[in-house]
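One structure is given here, and the rest of the page talks about it.
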Amino acid sequence: MKRLLALPLLALLMAGGTVEAGPVGLSVGVFGGLSIPVLQDVTTSSFSPGDAFGDTGSQFGIRAPVYAIPVITFEPYFSKANYKDHEEVFSGITYTREGFDATSFGLNAILGKPDGGGFHFYPFVGIGKTKLERTGEEINKADYHGGLGFGISPAPKFSIQLRGEFSMVKTGDTSRKFTNANLGVNYRLLP
Amino acid sequence: MKRHAWILLALGLGLMTPGCILTSGQVQIQFTLPNFSGSSTTGIAGTTIDLNTESEYQDNKEKLKDLSDLAVLGKFTNNISTPVNVEVWMTTTPSSHITESALMSDPTRVKLWGPFQVAGNTTKTVDWNSSAQLFSVAGKAALLSEAKGDGQFSLYVVGPPSTAYDFSVSNGVLVLVIDVGI
Numbered sequence: 001m002k003r004l005l006a007l008p009l010l011a012l013l014m015a016g017g018t019v020e021a022g023p024v025g026l027s028v029g030v031f032g033g034l035s036i037p038v039l040q041d042v043t044t045s046s047f048s049p050g051d052a053f054g055d056t057g058s059q060f061g062i063r064a065p066v067y068a069i070p071v072i073t074f075e076p077y078f079s080k081a082n083y084k085d086h087e088e089v090f091s092g093i094t095y096t097r098e099g100f101d102a103t104s105f106g107l108n109a110i111l112g113k114p115d116g117g118g119f120h121f122y123p124f125v126g127i128g129k130t131k132l133e134r135t136g137e138e139i140n141k142a143d144y145h146g147g148l149g150f151g152i153s154p155a156p157k158f159s160i161q162l163r164g165e166f167s168m169v170k171t172g173d174t175s176r177k178f179t180n181a182n183l184g185v186n187y188r189l190l191p
Numbered sequence: 001m002k003r004h005a006w007i008l009l010a011l012g013l014g015l016m017t018p019g020c021i022l023t024s025g026q027v028q029i030q031f032t033l034p035n036f037s038g039s040s041t042t043g044i045a046g047t048t049i050d051l052n053t054e055s056e057y058q059d060n061k062e063k064l065k066d067l068s069d070l071a072v073l074g075k076f077t078n079n080i081s082t083p084v085n086v087e088v089w090m091t092t093t094p095s096s097h098i099t100e101s102a103l104m105s106d107p108t109r110v111k112l113w114g115p116f117q118v119a120g121n122t123t124k125t126v127d128w129n130s131s132a133q134l135f136s137v138a139g140k141a142a143l144l145s146e147a148k149g150d151g152q153f154s155l156y157v158v159g160p161p162s163t164a165y166d167f168s169v170s171n172g173v174l175v176l177v178i179d180v181g182i
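So the sequences go chain by chain: H and U.
Residues in the first sequence are numbered from 1 upward in steps of one, following our numbering.
Residues in the second sequence are numbered from 1 upward in steps of one, following our numbering.
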């Protein structure tokens, strides 16, 4: 937990340090999209490739890219996701298992700048903390993720962000995995 | 360039290693339970479960890391007018007790699940979410230990001690979701 908090603090310190050396850029953004569980609660005896993906959930959040050093953009984020309930028939009776509610926060490191003029493709990696909750089950663990983003700026200070990512919540020797696709908009505050 | 190739090769090997955090998943296993009955006057009936009879378990036993979700599902019928709190107990070694007192004297007994209340003279189907909440910490640990061990244990459904009860359970299923390294 301390290590997770240390990362955003380090980013802010680096940002603070460069205030004296040069201008620091800052944007804020909101995003929303889909999140799909991968290889969760599957039945291996009747497994087909389509079963690898669970019931799709929705995802939304905020993020704030900080342009403090060349090449790398640090981006604190906060997001929430909600996964659909799962229905299954056992012994002739239909049962419903509640889907997870997820809350995440953390820090992304983006190669390049996600917004600005023109088109931008950028890879990113991130570390955070994710809490997955449903009745009778709670997972509150470190989250590692990475993916590819695309940014386009249709107007000064505004950019549209499209991202695809793979996320993994580490649970001991195993993990809960998700694929996410989201669309967002960033607004440049500084400079 | 050569160094990058080695890094990629190492990453690739890491991903293919059995039991890697990334190459893991949650596998759902279900066991159909026989019809149970429990009575403070005529006694209890247990059932011995052998996880090895399920191909899902056999396929994943060696890769099993943890138990992530579990539920006892089924229809509970209370045959008398007094409400009953049903509990599921297990003995970690297979047994065939026919009375509650014999079960409670078994040193390997562990309370697995419950209490699940059923009103007098009614039938109630437990829902999956409520059931997942009713597992005891000790019961979950014992079940995980059995799943990692020989996979054989006995289950009993009982009412509260020193009270009159008479109930039956039909369409019973034990659902386990196990964490496995693939």
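Positions of the beta carbon are idealized from the N, C-alpha and C atoms, including for glycine.
Exercise. Please confirm if the stretch 37-53 of chain H is in contact with the stretch 67-79 of chain H, defined as three or more CB-CB distances below 8 Å between the two stretches.
Key: no
Quiz item: Of all Cβ atoms in chain U, is any one closer than 8 Å to the Cβ of H:Y83?
Solution: Residue mapping note: residue 83 of chain H aligns to position 83 of the first sequence, counting from 1. So, not an interface residue.
Quiz item: From U:G172 to H:L107, what does the alpha carbon distance come to, in whole angstroms?
Solution: Translated into positions along the second sequence, residue 172 of chain U becomes position 172. Translated into positions along the first sequence, residue 107 of chain H becomes position 107. Computed Cα separation, rounded: 46 Å.
Practice problem: Starting from U:D127, find everything on chain H with Cβ-Cβ shorter than 8 Å and list it in chain order. | Solution: Position 127 of the second sequence, counted from the start, is the residue given in the question as residue 127 of chain U. What U:D127 touches in chain H: Y95 and T96.
Quiz item: Taking just the CA atoms, how far does U:F116 sit from U:I80?
Solution: By one-based count along the second sequence, residue 80 of chain U stands at place 80. By one-based count along the second sequence, residue 116 of chain U stands at place 116. Cα to Cα, the separation comes out at about 16 Å.
Quiz item: Hey, is the stretch 37-51 of chain U in contact with the stretch 135-154 of chain U, meaning 3+ C-beta pairs nearer than 8 Å?
Solution: yes
Exercise. Would you list, in sequence order, the uninterrupted beta strand (DSSP E) runs of no fewer than 3 residues that lie entirely inside the stretch 83-162 of chain H?
Key: 86-90, 93-97, 101-111, 119-134 and 137-155
Quiz item: Pairing CB atoms from the stretch 70-90 of chain U with CB atoms from the stretch 127-137 of chain U, are three or more of them under 8 Å?
Solution: yes
Quiz item: Using the beta-carbon of each residue, which ones in chain U are nearer than 8 Å to H:L39?
Solution: Your numbering for residue 39 of chain H matches position 39 in the first sequence. Per Cβ cutoff of 8 Å: S24, G25, Q26 and I182.
Practice problem: Please state if the CB of H:L132 and the CB of H:Y122 are separated by a distance shorter than 8 Å. | Solution: Here residue 122 of chain H refers to the residue found at position 122 of the first sequence. Here residue 132 of chain H refers to the residue found at position 132 of the first sequence. No. Outside cutoff.
Exercise. Assign U:N60 to buried or exposed, taking buried as 16 or more other Cβ atoms, counted over all protein chains shown, within 10 Å of its Cβ.
Key: Your numbering for residue 60 of chain U matches position 60 in the second sequence. U:N60 comes out buried.
Quiz prompt | Where U:L103 falls: helix, strand or coil (DSSP) | solution = For the purposes of this step, residue 103 of chain U is taken as the residue at position 103 of the second sequence. Reduced to three states, the DSSP call for U:L103 is helix.
Quiz item: Can you name the residues that DSSP bridges to U:A147?
Solution: Locating residue 147 of chain U in the second sequence gives position 147, where the first residue counts as 1. In DSSP, U:A147 forms no bridge with anything.
Quiz item: In terms of residues, what are the limits of the alpha helix (DSSP H) holding U:S131?
Solution: By 1-based counting over the second sequence, the position of residue 131 of chain U is 131. That run of the alpha helix (DSSP H) goes W128 to Q133.
Quiz item: Cβ of U:P83 within 8 Å of Cβ of U:G120?
Solution: For the purposes of this step, residue 83 of chain U is taken as the residue at position 83 of the second sequence. For the purposes of this step, residue 120 of chain U is taken as the residue at position 120 of the second sequence. It is a contact, given that the beta carbons lie within the stated cut-off.
Quiz prompt | Contact check, H:G257 vs H:V125, beta carbons under 8 Å | solution = Only positions 1 to 191 of chain H appear in the structure, and residue 257 of chain H is not among them; the question remains open.
Quiz item: With distances taken from CA atoms, which of H:V89, H:L183, H:D143 and H:L190 is nearest H:S58?
Solution: As a first step, residue 58 of chain H is located in the first sequence; it is residue number 58 there, counting from the start. Nearest of H:V89, H:L183, H:D143 and H:L190 to H:S58, Cα basis: H:L183.
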